[in-house]
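Residue numbers (the working numbering), protein chains in the order written: chain A, 1 to 493; chain B, 494 to 983.
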C-alpha cells in the first residue's frame with residue numbers, strides 16, 4: 001500500500017471507527033481519537049513533499065491496479081507539482097477543523113468528527129486520482145458528508161442551504177460524467193487522464209467536452225453566475241464546514257480546470273478564454289462590490305472567496321506560467337486565509353451567537369489577542385505584501401499584464417475592493433468604542449483557539465515571506481502544462 | 494426430453510406443495526418450521542441454478558420448450574436470493590399483523606416458480622405460462638390483508654389491469670404466431686430474418702407485445718397500477734412484487750424481443766425510447782409530490798425502469814448489433830443493482846414499523862438518526878444508491894447505462910443520456926428529502942427501533958452489499974456481461 005493510499009484511507013478508516021464506536025457519553029474519547037486520526041493523517045502526507053522530485057512533471061508516488069475490469073478502470077493514484085500541495089493542505093486543514101470543533105460541537109460529536117475525517121480522505125482522493133472515473137467517484141462522494149454536515153449542524157436555514165449545495169453541484173457533475181464517458185469512448189476504452197491529454201479531438205468535440213467540464217467545475221469554484229449556492233452554504237454551515245468549503249472544496253473545482261478542461265480541450269480553452277476571463281473579471285469586480293454591502297460577516301467572507309477564486313480562474317486562462325503558478329499559489333494561500341477568516345468568525349459566533357456586523361464594535365478592547373490575529377488575517381485577505389495573500393495575486397496580475405494590459409488593470413482593482421470590504425468590516429467589528437454590553441462581556445481566546453490561529457498565522461506568514469519552496473515544487477509541472485495547452489490538438493494525426 | 498434442464502423447477506414445484514402440507518400440521522405462532530423449510534427449499538433451488546450457471550452450456554429441453562443458458566440461470570439465482578431476503582424481512586412484520594399464514598410461503602414459492610419458468614422460456618406459451626403462474630400468485634398475495642379496503646382495491650386493480658396486459662401480450666404473441674407460423678422463439682427469429690414475412694402484421698404484433706411488457710415493467714403510460722398496488726399491498730408483498738419479478742420482466746424482454754424479434758429492433762426500440770423518456774419524466778416528477786413512502790418508491794421504480802428501458806433501446810444502432818452485448822448487459826446490471834437496493838429500502842421500512850404503527854409516511858422517519866443512527870445510516874446508503882451517487886452500486890449501474898448509450902456514438906443516444914441524467918438530478922431531490930427527514934428533522938418519537946429476529950443484521954449486510962458491490966462492481970458487471978454474451982451467441 002503506497003503513501004497516497006494511506007493518505008486517503010487512513011482518515012476514512014478513522015472516521016468509520018469513530019462512527020462505529022462513538023456515543024454521546026464518550027465525547028471526550030471521541031475528540032481525542034479524532035485528533036489523533038487527523039494528526040497522523042497529516043503526518044503521513046509530509047514525506048510526499050520531502051521526497052518529491054521537483055525536476056519532474058511526471059506523476060509521482062504512483063499506484064496502479066485494476067479496479068473495474070469491465071470498463072478498464074484503474075485504481076490509479078499519483079501526484080505532480082500541481083496537486084501535491086493540496087494533499088497536504090487538506091490534511092492540515094482537517095487537523096485545524098477538529099481542534100476548532102473541540103468545545104463547540106457538543107451534540108453528535110462522533111458523527112461530526114467522523115464526517116470530517118471521511119470528507120478529508122475523499123478530498124485527498126480527488127487530488128490524487130489519475131483515473132477519470134476514480135476522480136469522479138471521489139469528487140461526487142464528497143457531497144454526502146458535506147450535505148450532512150451542513151444539514152445536521154448548520155444554522156436556521158440549513159435544510160435549504162444543504163439542498164441547494166447538493167443539487168447545484170450534482171447538476172454540474174452529471175454533465176461532467178457524460179463528458180467522461182464520451183472521452184472514455186473516444187479514447188478507445190480508457191479512463192486514464194493522461195491518455196485523454198494526448199487524445200486528438202476535433203474542435204466541436206473539444207467544445208462540448210470543455211463546456212461539460214465547465215458546468216461541473218464552474219459550480220464548484222464557484223464562478224459568477226452559478227455562485228449563489230456558496231453564500232447560503234457558508235452562512236448556514238457550522239464553522240468547520242465553512243472552513244473546509246472555503247479552504248479545500250472550492251479548490252476541487254479549480255483543480256479540475258488544471259487537470260481536465262485545459263489539457264484535454266486546449267483548443268476549446270483558448271477559443272473560449274475570452275468567456276472565462278470575462279466571467280473571472282465579473283467575479284473579481286462585481287462580487288467584490290457585492291461583498292462591500294454585506295451585513296453578515298460570513299456572507300462577506302463568502303463573497304470575498306468568490307472574488308478570490310475569480311482571480312484563480314483568471315490566472316489559468318491567460319495561459320502563461322506566471323498566471324498559472326500564481327493561481328495555484330493563490331489557491332493554497334486562500335486555503336489558509338479564508339479558513340482562518342471563518343475560524344475568526346466562528347470564535348466570535350461561539351461567544352455572541354451573532355454574525356451581524358452591526359452586533360459588534362470595539363471588540364479590540366475586550367479581546368486584544370484575538371483582534372491581533374483577526375486583523376492579521378484580514379490584511380492577508382486584502383493582499384498585504386508579506387502575507388500569503390499577496391504572492392498569488394501579484395503573480396496573477398503580472399501574468400495578466402503580460403497577456404493584456406487592460407485585463408491586468410481591471411484585475412488589480414481587486415486590491416482596492418478587497419481592502420475596502422475587508423478593512424471596513426475590520427473597522428466596524430474590532431475598532432472603535434465598545435458597542436454594547438455583550439461585547440463588553442467578551443472573553444479573550446483560550447489556549448486552544450490561540451493555538452489554531454497561531455498555526456495558521458505562521459503558515460500565512462511563511463508563504464508570504466518565503467514562497468520559494470511552494471513554487472519550486474510546481475514550476476516544472478506548470479511549465480509542462482502551459483506548453484501542453486499551447487499546443488493545438490487539431491493538427492495531431 | 495432432457496429432464497435435467499428443469500430439475501430446479503421440478504424441485505420447487507414439489508416442495509411448494511410439501512410446504513403447504515407441512516404448514517397444515519404447524520401449530521407454532523411464528524411458523525418456524527414453515528419458514529425454515531421454505532428458506533431451505535429456495536436455497537437449494539438457488540444452488541441448483543448456480544451449479545447449472547457455472548456449467549455455462551446452452552441446452553434445450555422438453556422438445557425446445559425451455560432453454561438452459563447462463564443468463565436464465567443467473568437471473569433465476571438472483572430471483573431466488575431476492576425471495577429469500579424478502580421472506581426474512583417479511584416474517585416479523587407479517588407475524589405482528591396476524592398475516593403470517595402458510596399461504597404466504599406457498600404463494601411466494603409459486604411466484605418464484607413463475608419467475609424461474611420465464612427465465613428459461615424458449616417458447617411463447619411457456620413465457621405466458623410462467624407469467625400467469627407468477628401473476629396469479631401475486632394477485633392473491635396483494636389481497637392477503639383482506640379486511641383492509643386499500644389492499645382489496647389494490648388487488649382488484651392489479652388483477653383487472655394485469656389481466657388486460659396479459660391479454661395484450663397474448664394477442665401480440667398470437668399475431669406473431671400467425672405471421673411466422675411458430676411459437677418457438679428461435680424459429681420466430683429465423684422466420685423474421687428471412688425477410689419474407691408481411692411487415693405490417695409483425696409490427697402490429699410487436700406493438701402489443703411491447704405494451705404487455707411495459708405493463709409488467711411498470712413503464713409510463715402503463716404504470717397506473719404501480720403506485721396503488723405498492724401502497725395498498727402489505728409491505729412484505731410490495732417487496733415481493735417490487736424485487737424478484739423485475740428479473741423475470743427483464744428475462745422475458747430479452748427472450749421475446751431480443752432472442753425472438755431482434756430483426757424488428759428498429760420498431761420496438763423506438764417504442765422503448767418513448768416509454769423510457771416518459772417514465773423518467775413522470776416517475777421523477779410525480780415522486781416529488783408524494784408524502785407516502787411506498788407511493789414515492791413506486792414512482793421511483795417507474796423512473797428507475799426508465800433507465801433499464803433506455804439501455805435496452807441502445808442494442809441495435811443503424812442496423813448494427815455490435816453494441817447489443819454492452820447495452821443489454823448494462824441493463825441487466827442495472828436491474829440487479831436496483832433489486833438489491835429495493836430489497837433494503839422496503840426491508841428497512843418493515844424493520845422500522847411496529848404493530849399498530851406503520852412507517853409508511855416519509856415523516857414517520859423523522860429524526861431516525863437520533864433514535865437509531867445505524868438504521869438511519871443504512872437507509873442513507875440506500876437512498877444515495879437510488880439517487881446514483883458514488884460510491885454506491887446505484888451509481889455504477891447508471892454509469893454502465895450511460896456508457897452503453899454514449900458508446901453507440903449516435904447523437905440521438907447521447908442526447909438521451911443527457912436527458913436521463915437531468916431527470917436523475919430531479920430524482921435526487923426526493924431521495925435527499927428522505928435523508929433530510931432522517932438526519933435534519935427532530936424525532937417525533939423517542940424509542941429506538943427494536944431488534945427482531947436478526948433482521949437488523951440482514952439489513953446491515955444488505956447495506957454493506959450496496960456499498961461493496963459499488964466499490965467492487967467489476968465482478969458483478971463481468972458476470973452479467975458473460976451471461977448476456979452467451980445468451981446472444983445462440
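Glycine included, each C-beta is placed from N, C-alpha and C at the ideal position.
Values in this document were obtained by computation on a predicted structure and should not be read as measured data.
Proximal residues of chain B, C-beta to C-beta of residue i below 9 angstroms
i	result
residue 158 (chain A)	933
residue 229 (chain A)	Ordered by position in chain B, no residue passes the 9 angstroms Cβ test against residue 229 (chain A), which lies about 14 angstroms from the chain.
C-beta atoms of residue i and residue j nearer than 8 angstroms
i	j	result
residue 414 (chain A)	residue 336 (chain A)	no
residue 410 (chain A)	residue 281 (chain A)	yes
residue 976 (chain B)	residue 932 (chain B)	no
residue 705 (chain B)	residue 659 (chain B)	yes
residue 326 (chain A)	residue 383 (chain A)	no
residue 125 (chain A)	residue 49 (chain A)	no
residue 333 (chain A)	residue 389 (chain A)	yes
residue 183 (chain A)	residue 132 (chain A)	yes
residue 736 (chain B)	residue 804 (chain B)	no
residue 340 (chain A)	residue 453 (chain A)	yes
residue 439 (chain A)	residue 363 (chain A)	yes
Under 7 angstroms by beta carbon: chain B residues contacting residue i
i	result
residue 140 (chain A)	882 and 883
residue 70 (chain A)	967, 970, 971 and 974
residue 152 (chain A)	932 and 933
residue 144 (chain A)	877 and 882
residue 182 (chain A)	899
residue 163 (chain A)	925
residue 148 (chain A)	932
Rounded C-alpha distance that separates residue i from residue j
i	j	result
residue 961 (chain B)	residue 259 (chain A)	28 angstroms
residue 598 (chain B)	residue 745 (chain B)	25 angstroms
residue 420 (chain A)	residue 292 (chain A)	7 angstroms
residue 360 (chain A)	residue 434 (chain A)	8 angstroms
residue 425 (chain A)	residue 297 (chain A)	8 angstroms
residue 284 (chain A)	residue 200 (chain A)	34 angstroms
residue 236 (chain A)	residue 220 (chain A)	17 angstroms
residue 550 (chain B)	residue 503 (chain B)	20 angstroms
residue 4 (chain A)	residue 36 (chain A)	19 angstroms
residue 44 (chain A)	residue 444 (chain A)	34 angstroms
residue 633 (chain B)	residue 111 (chain A)	45 angstroms
residue 725 (chain B)	residue 74 (chain A)	46 angstroms
residue 377 (chain A)	residue 248 (chain A)	18 angstroms
residue 481 (chain A)	residue 232 (chain A)	35 angstroms
Residue burial classification, residue i (beta-carbon count within 10 angstroms, cutoff 16)
i	result
residue 802 (chain B)	buried
residue 353 (chain A)	exposed
residue 748 (chain B)	buried
residue 692 (chain B)	exposed
residue 640 (chain B)	exposed
residue 277 (chain A)	buried
residue 783 (chain B)	buried
residue 429 (chain A)	buried
residue 630 (chain B)	buried
residue 498 (chain A)	Here chain A comprises residues numbered 1 to 493, so residue 498 (chain A) is not present and cannot be evaluated.
residue 71 (chain A)	buried
Interface residues of chain A facing residue i [CB-CB closer than 9 angstroms]
i	result
residue 650 (chain B)	Neighbours of residue 650 (chain B) on chain A: none; closest Cβ ~35 angstroms, over 9 angstroms.
Partners in chain A for residue i, counting only beta-carbon separations shorter than 8 angstroms
i	result
residue 902 (chain B)	185
residue 910 (chain B)	178 and 181
Within chain A, partners of residue i - CB distance below 7 angstroms
i	result
residue 829 (chain B)	Here the premise fails: no neighbours, minimum Cβ distance about 13 angstroms.
Closer than 8 angstroms at the beta carbon, the chain B residues around residue i
i	result
residue 538 (chain A)	Any property of residue 538 (chain A) remains undetermined from this structure, which presents chain A solely from 1 to 493.
residue 136 (chain A)	883
residue 205 (chain A)	The premise fails here: residue 205 (chain A) is roughly 11 angstroms from chain B at the closest Cβ pair, so nothing lies under 8 angstroms.
Going residue by residue through the stretch 182-234 of chain A, where are the continuous alpha helix (DSSP H) segments of at least 4 residues, counting only ones entirely within it? Restricted to the stretch 182-234 of chain A, the alpha helix (DSSP H) segments that are unbroken, complete and at least 4 residues in length are 193-198 and 203-220, listed in chain order.
Quick one: complete alpha helix (DSSP H) runs, 4+ long, within the stretch 753-825 of chain B? The stretch 753-825 of chain B is shown to contain whole alpha helix (DSSP H) runs of 4 or more residues at 758-781 and 786-805, in chain order.
Which runs of the alpha helix (DSSP H) fall wholly inside the stretch 422-458 of chain A and span at least 4 residues, in chain order? Those alpha helix (DSSP H) runs which fall completely within the stretch 422-458 of chain A and span 4+ residues are 437-440.
Runs of alpha helix (DSSP H) wholly within the stretch 893-938 of chain B (minimum 4 residues, chain order): Assignment of alpha helix (DSSP H) within the stretch 893-938 of chain B, counting only whole runs of 4 or more residues, yields 904-932 in chain order.
Whole beta strand (DSSP E) runs in the stretch 520-602 of chain B with 3 or more residues, listed along the chain? Fully enclosed beta strand (DSSP E) runs of 3 or longer: 552-554 and 559-561.
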